[in-house]
Amino acid sequence: MRLGIIGIDSSHTPVFSNRINTMHKEGRTPCRVTHLWDPGRHEWRHPDGPEQSARDVAKWREDTAKEGVTPVGTLGELLSNVDGVLVLNINGHRHLELAVGPIARGMPTYIDKPLTCSLDQARALLGMTRQYGARCYSASSLRFITEIPKLDREKLGEIVAIDAFGNGEVLDMMPDLWHYGCHAIEMVDAIFKWSGQGPGVAKVSAIRSGNATSGYHLLDMVYRDGRLARLRMDRDGAWAFGATVHGKKGVQQFVVDFAPVYTRLVEGMVGFFEGKEPPVGLRDIVENVAVMEAGNRSICLGGEWVEVPEID
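All the letters of the sequence shown, read from the start, carry residue numbers 170 to 481 under the numbering used here.
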């Protein structure tokens, strides 16, 4: 199965190309990345400035070419040469516009995190997949951590609350929760999915401290059935993710080991393109977008509670 990538301004383009094509060479998947379309307007911003940003993009292009990926000049040329598409452009604000083409053709489409940077866009994507019968999938790598299935259901009992932490990296193009907030939010969502309790955030409250390189974001989530989750995403501490899970019978904690995470993420990706059920439905990812949008609005309102609309 031939896969095409849209976007070169993210390190994920060479990384995913390498991992998928390595799996193909090892006979572990029929999928392989064969073509790349660069939609232009590179938006990666390295802290050292535009020259370093340009060098990064050039290196990612070079590394992707080493994987045997052929660049093409138009979206139409890409879509005529592949069976599925990965939208890897770094800016979530552009994901809808870049995904319209493959979805309208009914092609399976993976969209890198965040799915979009607005609930309206996320709902539009969901509606398009239903209209055209296209399969669409998106996920944070934090959904694939091995610590969640190692939790002990019997000792935990029904989960009543989660205290989670993670990195709070932000980008100018995707402020506050849009860029890295999805990682901690999806980790919490994955814990509740594992427990069988599922999604259903009713309202959120969020605050921020500091700036793009220091400080933190705090996000409180209240679920429709009374569950609670608090997420701390900081930029000063060590780069790490983890959680304390509070159940009716006990409490368990974990810190994420990232060694197997990317492998599991890509395995889920190729499984999706092979026709398997994705690890998470698009509807749940749209709810995560709704949570981030409500959280960002709460920040602007000084931490006021903001309702999260239900997703059909």
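Idealized CB from N, CA, C, for every residue including glycine.
The structure displayed is predicted, hence computed values, not measured ones.
How big is the Cα-Cα spacing for residue i and residue j?
i: Ile480; j: Glu220; result: 42 Å
i: Ala381; j: Val184; result: 25 Å
i: Met170; j: Leu267; result: 21 Å
i: Phe361; j: Tyr392; result: 11 Å
i: Leu363; j: Gly242; result: Reading off the sequence shown, one finds Trp at residue 363, where the question assumed Leu. C-alpha separation (whole angstroms): 43 Å.
i: Arg466; j: Ser287; result: 11 Å
i: Gly444; j: Leu294; result: 20 Å
i: Glu209; j: Ser180; result: The question names Glu, but residue 209 in the sequence shown is Gly. Near 15 Å, if we compare the C-alpha coordinates of Ser180 and Gly209.
i: Met402; j: Phe334; result: 6 Å
i: Ile174; j: Pro240; result: 9 Å
i: Asn457; j: Asp321; result: 25 Å
i: Met390; j: Gly369; result: 10 Å
i: Leu284; j: Val455; result: 8 Å
i: Tyr279; j: Gly440; result: 11 Å
i: Tyr507; j: His193; result: This structure does not reach residue 507, given that the chain is present from 170 up to 481, and the question cannot be answered.
i: Gly472; j: Ser374; result: 5 Å
i: Gln265; j: Leu172; result: This sequence places Leu at residue 265; Gln is not what is there. So the two alpha carbons sit approximately 19 Å from each other.
i: Lys319; j: Gly419; result: 15 Å
i: Leu346; j: His352; result: 9 Å
i: Gly214; j: Ala223; result: One detail in the question is off: residue 214 reads as Arg in this sequence, not Gly. Arg214 and Ala223: Cα-Cα distance of roughly 9 Å.
i: Asn260; j: His204; result: 20 Å
i: Gly367; j: Asp426; result: 24 Å
i: Thr298; j: Asp289; result: 14 Å
i: Lys324; j: Leu400; result: 23 Å
i: Asp207; j: Asp341; result: 22 Å
i: Gly176; j: Thr182; result: 7 Å
i: Glu231; j: Pro478; result: 43 Å
i: Leu244; j: Asp394; result: 45 Å
i: Leu311; j: Asp332; result: 15 Å
i: Gly296; j: Ala359; result: 23 Å
i: Leu470; j: Lys282; result: 25 Å
i: Glu236; j: Ala428; result: 22 Å
Shortest alpha-carbon distance to residue i belongs to which of the options?
i: Ile376; options: Trp408, Val475 and Thr198; result: Val475
i: Cys200; options: Ser186, Arg210 and Gly209; result: Ser186
i: Ser378; options: Val357, Glu338 and Ile354; result: Glu338
i: Val202; options: Pro318, Leu255 and Gly218; result: Leu255
i: Pro447; options: Gly437, Arg322, Thr298 and Ala234; result: Gly437
i: Val424; options: Leu284, Ala227, Ile317 and Leu205; result: Ile317
i: Arg263; options: Gly464, Asp453, Glu212 and Cys469; result: Glu212
i: Ala291; options: Ala459, Cys469 and Ala371; result: Ala459
i: Asp405; options: Thr182, Gly384 and Ile354; result: Gly384
i: Tyr431; options: Asp178, Ile177 and Ile189; result: Ile189
i: Ala330; options: Leu434, Asn260 and Arg396; result: Arg396
i: Met461; options: Asp426, Met343, Leu434 and Phe427; result: Met343
i: Ala273; options: Gly253, Gly261 and Leu257; result: Gly253
i: Gly275; options: Ile468, Ala463, Phe442 and Pro478; result: Phe442
i: Trp229; options: Asp178, Arg299, Asn260 and Gly296; result: Asp178
i: Gln422; options: Gly176, Pro429, Val357 and Ala234; result: Val357
i: Gly464; options: Glu236, Lys372, Gly218 and Ala359; result: Lys372
i: Lys417; options: Leu388, Ala409 and Ile328; result: Ile328
i: Leu388; options: Ala428, Ala227, Pro277 and Ile354; result: Ile354
i: Leu434; options: Asp281, Ala409, Pro277 and Phe313; result: Phe313
Give the DSSP bridge partners of residue i, in chain order.
i: Met343; result: Leu340
i: Phe185; result: Answer is none; Phe185 lacks a bridge partner.
i: Ala223; result: Note: Ala223 sits in no beta bridge, so no partner.
i: Phe334; result: Arg401 and Gly411
i: Gly237; result: Its beta-bridge partners do not exist; DSSP assigns none.
i: Val475; result: Val373
i: Thr206; result: Strictly speaking, residue 206 in this sequence is Trp, with Thr absent from that position. Partner(s): Ile175 and Val241.
i: Ile328; result: Gly416
i: Arg466; result: Looking at the DSSP assignment, Arg466 forms no beta bridge with any residue, so it has no partner.
i: Arg201; result: Arg171
Checklist entry - Within the chosen definition, does the stretch 398 to 417 reach the stretch 301 to 309 through at least 3 CB pairs nearer than 8 Å? => result no
Next on the checklist: Going residue by residue through the stretch 375 to 458, where are the continuous alpha helix (DSSP H) segments of at least 4 residues, counting only ones entirely within it?
Outcome noted: 430 to 442
Item to check | Within the stretch 253 to 317, ranges of the beta strand (DSSP E) (whole runs, at least 3 residues) | outcome: 253 to 256 and 278 to 280
Item to check | the stretch 447 to 464 / the stretch 306 to 315 touching (three or more Cβ pairs under 8 Å) | outcome: yes
Item to check | Touch test, the stretch 248 to 265 against the stretch 192 to 199, Cβ-Cβ under 8 Å, three pairs minimum | outcome: no
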